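S.K.: For the sequence shown, the residue numbers in the working numbering are 118 to 229.
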Amino acid sequence: VDESLGVTTDLVTSWFESGEPPSFQEGVEAAAGLAITAIGMYNPLLGAVAGIAFTMISGILFPGEQESEMEKWYKKIMEEVGVAIDTSHVKAQISDLTLDLEAVMEELEWLP
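1. Ends of the alpha helix (DSSP H) at Pro161?
2. For Ser140, which three-state DSSP category applies?
3. From the DSSP output, in three-state form, read off Leu214 for me.
4. On the three-state DSSP scale, how would you describe Leu228?
5. Using the three-state DSSP reduction, which class does Ser205 fall into: helix, strand or coil?
6. Check Ser131 in the structure and name its three-state DSSP category.
7. Output the distance between the C-alpha atoms of Ala165 and Thr125, rounded to the nearest integer angstrom.
8. Measuring only the C-alpha atoms, how far is Thr215 from Pro229?
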């Protein structure tokens with residue numbers, strides 16, 4: 118109850134402070150949050166079903182606007198892997214060039 122009321126209060130407060138009404142999606146999410154909370158207080162199992170149903174319906178109504186945690190983690194991991202691969206590639210190149218330079222230095226020692 119506290120969470121859904123907090124979200125609704127934040128939405129109304131931001132509306133009064135900014136003077137702009139909330140978007141359709143924000144309004145639907147706030148109303149659904151209150152409805153799911155009320156249903157859950159009446160019947161917890163029905164509240165869980167309503168929560169799952171709303172998640173599915175919001176995914177249909179607002180496609181592509183919500184990025185899941187898994188997608189965020191995937192992007193972050195891929196960025197870090199890309200950096201790690203670049204770093205290991207540079208280290209390998211430095212190692213190869215070091216060996217080449219050492220070979221050239223040994224050959225130069227043979228020159229009179």
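Note that the Cβ used here is the ideal one computed from N, Cα and C, for glycine as well.
Fair warning: this is a prediction, and the values are worked out from it, not measured in the lab.
M.R.: Short version:
1. Unbroken alpha helix (DSSP H) run through Pro161: Pro161 to Leu178.
2. Residue state, collapsed to three classes: coil.
3. Residue state, collapsed to three classes: helix.
4. The answer is coil: DSSP assigns Leu228 none of H, G, I, E or B.
5. Taken through DSSP and simplified to helix, strand or coil, Ser205 comes out as helix.
6. Ser131: helix per DSSP, three-state reduction.
7. Cα to Cα, the separation comes out at about 20 angstroms.
8. Cα-Cα distance, rounded: 24 angstroms.
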